[in-house]
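Asks:
There are 4 protein chains.
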Amino acid sequence: MAKTLNVGLIGYGFMGRTHSNAHRKVTHFFDVPYQPVLKTICGLVEAEAKAFADKWGYESHTTDWRKVVEDPAIDLVEICVPNNVHATIAIAAAKAGKAVICEKPLALNGPQGEEMVAAVEKAGVPNLVSFNYRRVPAVTLIKRLVDEGRLGRIFHYRADFLQDWTISKEVPQGGMGTWRLDVKAAGSGVTGDLLAHCIDTAMWHNGPITSVTAMTETFVKERKHAETGKMEPVGIDDACTFICRFGNGSMGNFESTRYARGHKAKYTLEINGEKASLSWDLHDLHRIQYFDHKDEGIVRGWRNVHVTDGDQPYMKNWWVPGLQIGFAESFVHQLADFLEGMAKGKPVGPTFKDALATQYVCDAVLASGKSGIWENVKQIR
Amino acid sequence: MAKTLNVGLIGYGFMGRTHSNAHRKVTHFFDVPYQPVLKTICGLVEAEAKAFADKWGYESHTTDWRKVVEDPAIDLVEICVPNNVHATIAIAAAKAGKAVICEKPLALNGPQGEEMVAAVEKAGVPNLVSFNYRRVPAVTLIKRLVDEGRLGRIFHYRADFLQDWTISKEVPQGGMGTWRLDVKAAGSGVTGDLLAHCIDTAMWHNGPITSVTAMTETFVKERKHAETGKMEPVGIDDACTFICRFGNGSMGNFESTRYARGHKAKYTLEINGEKASLSWDLHDLHRIQYFDHKDEGIVRGWRNVHVTDGDQPYMKNWWVPGLQIGFAESFVHQLADFLEGMAKGKPVGPTFKDALATQYVCDAVLASGKSGIWENVKQIR
Amino acid sequence: MAKTLNVGLIGYGFMGRTHSNAHRKVTHFFDVPYQPVLKTICGLVEAEAKAFADKWGYESHTTDWRKVVEDPAIDLVEICVPNNVHATIAIAAAKAGKAVICEKPLALNGPQGEEMVAAVEKAGVPNLVSFNYRRVPAVTLIKRLVDEGRLGRIFHYRADFLQDWTISKEVPQGGMGTWRLDVKAAGSGVTGDLLAHCIDTAMWHNGPITSVTAMTETFVKERKHAETGKMEPVGIDDACTFICRFGNGSMGNFESTRYARGHKAKYTLEINGEKASLSWDLHDLHRIQYFDHKDEGIVRGWRNVHVTDGDQPYMKNWWVPGLQIGFAESFVHQLADFLEGMAKGKPVGPTFKDALATQYVCDAVLASGKSGIWENVKQIR
Amino acid sequence: MAKTLNVGLIGYGFMGRTHSNAHRKVTHFFDVPYQPVLKTICGLVEAEAKAFADKWGYESHTTDWRKVVEDPAIDLVEICVPNNVHATIAIAAAKAGKAVICEKPLALNGPQGEEMVAAVEKAGVPNLVSFNYRRVPAVTLIKRLVDEGRLGRIFHYRADFLQDWTISKEVPQGGMGTWRLDVKAAGSGVTGDLLAHCIDTAMWHNGPITSVTAMTETFVKERKHAETGKMEPVGIDDACTFICRFGNGSMGNFESTRYARGHKAKYTLEINGEKASLSWDLHDLHRIQYFDHKDEGIVRGWRNVHVTDGDQPYMKNWWVPGLQIGFAESFVHQLADFLEGMAKGKPVGPTFKDALATQYVCDAVLASGKSGIWENVKQIR
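Protein chains in written order, with my numbering: chain A, 162 to 542; chain B, 162 to 542; chain C, 162 to 542; chain D, 162 to 542.
#1: Which of the residues in the segment 436-456 of chain A, read from start to end, lie with their CB under 8 Å from any CB of chain D?
#2: Look at D:Asn245 and D:Leu267 and say whether their C-beta atoms are less than 8 Å apart.
#3: Which word fits C:Ser532, buried or exposed, when buried means at least 16 other C-beta atoms lie within 10 angstroms of its C-beta?
#4: Could you confirm whether any beta carbon from chain B is found closer than 8 Å to the beta carbon of D:Asn465?
#5: Please classify A:Lys531: does DSSP put it in a helix, a strand, or coil?
#6: Does any residue of chain D bring its CB to less than 8 Å from the CB of B:Gln473?
#7: State yes or no: is the C-beta of C:Leu430 nearer than 7 Å to some heavy atom of the ligand NAP?
#8: For D:Pro298, which of helix, strand or coil comes out of DSSP?
#9: Which residues of the segment 281-307 of chain D have a Cβ closer than 9 Å to any Cβ of chain B? Give them in chain order.
#10: What whole-angstrom Cβ distance do B:Glu383 and B:Met392 have, given they're in contact under 8 Å?
#11: For the structure I just gave you, are there three or more beta carbon pairs, one from the segment 520-539 of chain C and one from the segment 176-192 of chain D, closer than 8 Å?
#12: Below 8 Å on the Cβ atoms is my contact criterion, and I expect A:Val395 with A:Gln334 to pass it. Report the Cβ-Cβ distance as a whole number of Å.
#13: Could you check whether A:His444 and A:Lys455 sit closer than 8 Å to each other, using their CB atoms as the reference points?
#14: Taking buried to mean at least 16 other C-beta atoms within 10 Å of its own C-beta, is D:Gln324 buried or exposed?
#15: Taking 8 Å as the limit between beta carbons, can you name the residues of its chain near B:Thr547, skipping five residues before and five after?
#16: In the structure shown, what three-state DSSP assignment does D:Asp515 receive?
#17: Helix, strand or coil for D:Arg323 per DSSP?
#18: Would you mind giving the Cβ-Cβ distance between D:Gly141 and D:Gly169, rounded to the nearest angstrom? I have them listed as a contact below 8 Å.
#19: For A:Ile235, which three-state DSSP category applies?
#20: Grab me the residues of C:Gln485's own chain with a C-beta within less than 6 Å of its C-beta, minus the 5 sequence neighbours each way, in chain order.
#21: Using a Cβ distance threshold of 8 Å, determine whether the segment 294-306 of chain C contacts the segment 489-499 of chain C, with at least three qualifying pairs required.
#22: Tell me which same chain residues have a C-beta within less than 8 Å of the C-beta of D:His317, skipping the five on either side of it?
#23: Counting only Cβ pairs nearer than 7 Å, list the residues of chain B close to A:Val381.
#24: Mind checking whether B:Asp321 and B:Thr429 have CB atoms under 8 Å apart?
#25: Please list the partners that C:Val481 has in chain A, where partner means a Cβ-to-Cβ separation under 9 Å.
#26: Would you mind reading off the limits of the beta strand (DSSP E) that contains A:Ala421?
#27: Check each candidate in A:Leu199, A:Phe403 and A:Lys477 and name the one with the smallest Cα separation from A:Ser221.
#28: Tell me the DSSP secondary structure of A:Leu312 in three-state form.
#29: What is the DSSP secondary structure of D:Thr352, reduced to helix, strand or coil?
#30: What did DSSP end up calling B:Ser440 once you bin it into helix, strand or coil?
#31: With a cut-off of 8 Å, do at least 3 Cβ pairs link the segment 233-250 of chain A to the segment 164-178 of chain A?
#32: Under 8 Å, do B:Ala280 and B:Lys256 count as touching if we go by C-beta distance?
#33: For a test of the three-state rule: what should DSSP assign to A:Gly434, helix, strand or coil?
#34: Say whether chain A places a C-beta atom closer than 8 Å to the C-beta of B:Thr429.
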């Protein structure tokens with residue numbers, strides 16, 4: 162019988178829902194060594210916290226995150242709040258000896274991230290940053306195929322994350338749902354929000370990024386702040402493109418924007434190797450495209466692989482071939498892996514340290530966007 | 162506060178999982194008037210029933226479906242067992258005053274289905290047949306667009322359901338997982354299993370089918386029976402194609418097979434109207450293709466619509482635009498609608514009666530496959 | 162040095178242009194044993210015939226097809242006129258000892274086609290019917306793959322040819338450009354015009370069709386006749402669907418219509434075999450989709466093959482990989498093959514006899530559309 | 162009656178064929194004011210030049226390009242030879258008063274291009290550089306849609322040109338077919354060969370590029386030279402990525418490589434504007450994807466537009482809707498437009514001057530690839 166694991170979750174927004182859903186589903190689909198118990202939900206507005214607790218079956222609610230961190234009954238703290246609060250909570254949770262799952266990006270910047278890494282390492286607590294796209298089965302399959310050496314030498318890695326939801330000047334900055342436009346809450350714009358995903362996956366697939374040159378832009382210079390009600394300068398990057406070198410000699414090209422009309426959440430990636438190529442698109446997240454140069458010439462082409470078979474990552478736990486799962490299941494996989502790692506005492510990536518490496522790339526990208534020169538990326542020792 | 166609704170579920174196979182999952186998720190995503198309580202799971206092998214109960218949180222388990230039907234604490238009976246047992250259980254459940262959700266197809270044939278309809282109507286109990294694809298958001302959106310008259314006069318409706326899992330002669334008939342190949346358990350092959358889905362959706366979209374001519378085939382004539390261990394003649398249709406007329410004058414073309422190499426569960430449909438056309442593909446279930454002749458000529462084309470926005474059916478209850486849900490969520494929608502209908506005392510389709518109309522089409526198709534002539538479809542009075 | 166081949170072409174419409182273009186291009190891309198010389202163009206309106214001669218470089222023009230057939234200088238007669246005139250001209254040309262290329266369908270019906278076959282066989286003249294889609298490189302490649310046995314036993318063949326250009330009631334029947342709606346000129350509607358293509362290709366790929374059952378429909382019952390100016394009943398089939406059996410035991414499903422809003426000329430075909438499947442779409446005529454079950458499971462998928470490489474049919478004669486050719490090049494290939502066959506004294510398909518087999522299927526389809534029963538297809542002895 | 166225009170074409174390789182084909186076809190499809198006469202083909206190997214003349218119907222052949230330029234009977238000189246010879250021939254042709262069509266890129270570099278522009282401008286001769294992709298109907302349609310203001314403010318322009326034909330170390334540099342790998346003949350690698358196309362189209366669509374930062378790479382450092390037979394260092398860029406700013410404030414992202422396994426000639430572009438977005442892919446050159454935010458929300462999606470209708474650019478001159486043309490027809494359009502411009506005395510783009518602007522971007526890209534900093538692009542005054 163699985164041991165119980167008491168969960169305190171901080172933040173009842175979009176990410177609070179995906180994490181709660183993962184806890185509610187994980188034991189139905191995976192044989193995990195812990196039975197999560199939803200102990201406490203924490204959020205700013207009490208009525209909303211209570212409603213969330215009722216809906217998802219949390220035993221209690223609070224508006225004070227310190228109560229979660231200090232509660233001796235809580236085993237795992239999950240941080241689903243704006244980026245500027247990650248560090249404080251995570252460090253406190255680590256000090257209190259809690260396992261910590263933190264939403265991405267890790268921190269507002271590298272130095273802050275270093276403090277977080279130091280805290281979890283000193284405390285020796287299990288820790289993970291929720292770069293959930295690693296655990297979309299198609300993306301996991303790509304990792305497996307790359308690791309098997311099927312691509313041979315890698316020449317190119319490219320990734321885009323395109324959205325269009327902030328084109329209107331009427332979208333405010335700050336506040337619930339739009340804090341991602343407020344530089345004080347978010348630290349950066351698309352770089353920390355979207356490119357961080359692309360970078361995490363890219364380095365997982367293709368190893369470290371060593372240097373970058375970037376271009377950033379803020380298309381709408383002023384937006385009303387949802388909290389002050391006043392027009393304020395926009396401090397985030399609305400769009401960011403960067404090119405880079407990987408440690409293995411391959412070339413990278415990354416782009417993200419919230420001004421690509423027609424794209425809701427179009428995260429695509431492609432890897433070109435000597436022997437084979439692979440690509441993926443979040444808008445059809447259950448597919449990969451695979452080109453294998455070994456295939457006989459007259460019938461060689463990109464294979465459109467529907468990643469729903471039992472021998473493909475995570476899929477034997479779901480339905481039958483041809484029937485796809487959705488976006489939210491990536492959080493279930495992440496949780497299942499994390500619980501497995503906890504039981505075995507083995508770190509499960511992306512750890513805080515892994516996420517710090519991504520943070521360093523983001524920092525270099527933002528620095529280059531200002532300096533206009535190639536910036537070296539600080540490497541984890 | 163929602164009232165509790167005690168559920169007894171019979172059958173712990175693939176469908177037992179999708180229905181259990183719906184109960185576990187529905188209150189997290191929809192404001193439904195009942196809180197389902199998983200009371201009892203029933204299945205043939207006690208150890209498996211117990212394991213299922215543990216995994217999904219059923220309070221008890223049994224190997225005798227009559228105990229479920231007779232249990233006064235149970236409000237809703239769900240039937241997720243082979244087709245040949247639907248009628249007996251459903252009729253008993255109705256007589257016991259239970260609400261009933263039955264997996265598709267309704268019955269082995271029309272006359273049996275008529276008894277089932279009579280039973281639920283006499284008992285006045287809420288009833289539904291689980292043609293879940295109606296509630297894939299894209300398919301529901303198509304219904305809405307047709308009902309709004311956007312297509313104008315409809316000329317053509319075509320649907321395919323293509324699989325390839327029984328090409329090997331080694332696949333047995335009968336037993337868990339392969340009862341669908343055993344005519345005694347399934348009643349028919351692809352007609353009842355796959356075309357029934359296509360027919361249900363088609364008549365929902367486009368009104369009654371009035372006459373059909375069909376061709377059926379059994380490619381593998383003998384298979385080992387999983388229970389007897391002996392080679393036995395195969396009694397099901399491995400493939401079935403039929404063409405038909407709808408009551409509104411449009412022409413129909415339907416095909417299903419388990420011998421279409423390369424297709425796992427490729428259910429596609431297309432409707433061509435005077436003013437617009439629509440199509441959908443289960444392998445990318447979150448999309449529709451929409452062609453509107455009103456669009457200006459030089460930029461007219463099939464619109465690839467990613468059905469993940471809040472104003473599209475069911476989607477405001479899930480995540481954010483661009484992030485798709487999976488196959489299993491159609492069962493959550495079905496349950497949410499059913500619970501809503503129960504509370505309001507309003508039938509929610511497809512009722513047993515709706516499913517009987519589909520059964521009549523299946524019967525006519527199978528009859529035509531033998532007779533070689535056009536067969537009129539019996540209509541619900 | 163290639164011998165000259167004097168060409169007389171009858172009909173300066175759409176097909177007259179494709180055939181003229183083939184003559185003008187063939188020697189630039191293929192090493193053919195004849196140098197075509199455009200001797201005479203023939204058409205109904207003298208000014209138009211003259212303009213066509215000027216544009217395409219015909220040495221002369223006429224409005225009397227008999228002058229073409231009787232001209233001793235002419236080696237090859239090409240028939241690009243409405244279907245009801247094919248037989249008369251073709252028989253006269255054969256009697257005059259000319260090689261004959263006739264547009265499809267061969268004839269108005271089987272008996273007429275038999276006379277045409279008898280005429281060319283008696284005369285011993287090279288003959289071909291212009292089912293040009295056989296020679297789209299992708300379609301030719303499919304033939305090669307099937308013949309190599311890559312699909313194993315074939316279970317299913319399906320093809321659609323969908324258009325939408327006659328939905329408006331204002332489209333007239335009869336006259337230039339719309340004679341295809343006039344039953345007297347065309348013999349039938351979509352069956353002879355579009356399904357004939359699908360049937361020719363299908364029997365080339367998959368062998369003879371032995372029996373059919375069909376449904377035909379005329380959605381617009383009356384149209385103004387372009388020549389009489391009067392509303393007249395429409396005698397053609399606007400849409401036709403049929404299902405059939407092939408001699409090899411596989412099942413066929415065919416559909417054609419001019420009422421499928423959104424499809425201009427969407428001819429698609431798919432073949433499902435035991436070991437592999439193939440499909441093609443005229444709207445992207447340079448691609449095939451190929452699924453090979455031998456591929457390793459986790460990376461198995463439909464291969465999207467861009468048929469532009471030098472080792473794929475006809476393509477070494479064109480450009481470089483990745484750069485596609487168009488629709489009209491299929492006529493160039495057809496002509497190149499025909500000229501090659503002439504020089505070698507070997508028939509090149511589809512001959513009149515091959516096209517008669519297709520005519521027999523069309524006849525059976527139209528008969529079944531009226532009789533409502535399965536009709537056996539007359540076979541070429 | 163059209164006047165004759167005597168053509169002398171220099172270079173019988175791949176491009177010599179596309180240009181010859183354009184001359185052979187243009188009068189069959191377009192009402193042009195000149196009838197081209199293929200006077201002289203010039204190439205290095207006499208036997209090959211003669212064979213080419215025979216195949217395409219040139220009246221004469223030569224191995225000395227000066228004879229073409231000096232021949233008073235020649236009206237138009239076309240330059241289809243390696244890049245390092247463009248300037249010498251073009252300047253001589255201009256001095257001799259000939260109209261000149263030159264293959265792209267214009268020159269080895271900006272200063273050389275300036276001399277060429279000076280020469281044609283001083284001579285006042287019609288001139289054009291063969292950036293043929295502008296005249297693929299889909300690409301021309303995009304220009305029209307942008308010019309009509311349908312996209313509103315433009316935020317992003319991105320383009321890739323991906324190939325995979327030089328991955329093998331066995332591919333030589335230098336010589337027929339592989340001179341593009343020899344820096345002495347080509348001037349640069351993918352930048353001049355492929356990115357030049359992307360840049361020409363991008364500036365045509367979206368206005369001038371003002372500054373760039375780039376990364377270039379030579380993956381295979383040494384290749385055998387086809388002429389010397391010796392291993393020599395590779396001087397070209399195998400791959401080049403750059404990001405840039407356009408004069409209108411939009412951001413650009415460009416990438417090209419010959420090491421993208423699986424892509425033969427995958428030139429794609431996408432433009433994101435405030436109100437709409439557009440994209441195109443050379444591998445399906447007859448389509449555009451168009452997203453219009455004005456479309457009603459629930460049925461909004463990327464429209465897959467099959468650019469084969471008579472009201473779309475150039476298409477009324479070809480076949481019927483749904484039937485596509487190929488790559489080579491873009492050269493026919495280019496020639497038709499050029500001849501029209503000659504008759505009217507109006508320059509037709511891309512002129513040498515337009516191509517010089519592209520050359521300046523290429524120069525800046527290559528410079529930045531070395532300097533690692535943002536380089537300003539020299540602008541045409």
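Glycine included, every Cβ here is placed at the ideal spot set by N, Cα and C. Computed from a predicted model, the values in this text were never measured in an experiment.
Replies: With the given structure in hand:
#1: Lys436, Ala437, Ser438, Phe452 and His454
#2: no
#3: exposed
#4: yes
#5: helix
#6: yes
#7: The model on display carries no ligand, and the ligand NAP is accordingly not part of it.
#8: helix
#9: Leu302, Arg305 and Leu306
#10: 5 Å
#11: no
#12: 6 Å
#13: no
#14: buried
#15: Chain B is shown from 162 up to 542; residue 547 of chain B falls before or after that span and cannot be answered.
#16: helix
#17: The question names Arg, but residue 323 of chain D is Leu in the sequence shown. Reduced to three states, the DSSP call for D:Leu323 is strand.
#18: Residue 141 of chain D is absent from the structure shown; chain D starts at 162 and stops at 542.
#19: coil
#20: His447 and Thr469
#21: yes
#22: Ser411, Met412, Gly413, Asn414, Glu431, Ile432 and Asn433
#23: Residues of chain B passing the Cβ test: none, with the nearest at roughly 20 Å.
#24: yes
#25: Those do not exist, as C:Val481 stays about 15 Å from chain A at its closest Cβ, beyond 9 Å.
#26: Unbroken run through A:Ala421: none, as it is neither H nor E.
#27: A:Leu199
#28: coil
#29: helix
#30: strand
#31: yes
#32: yes
#33: strand
#34: no
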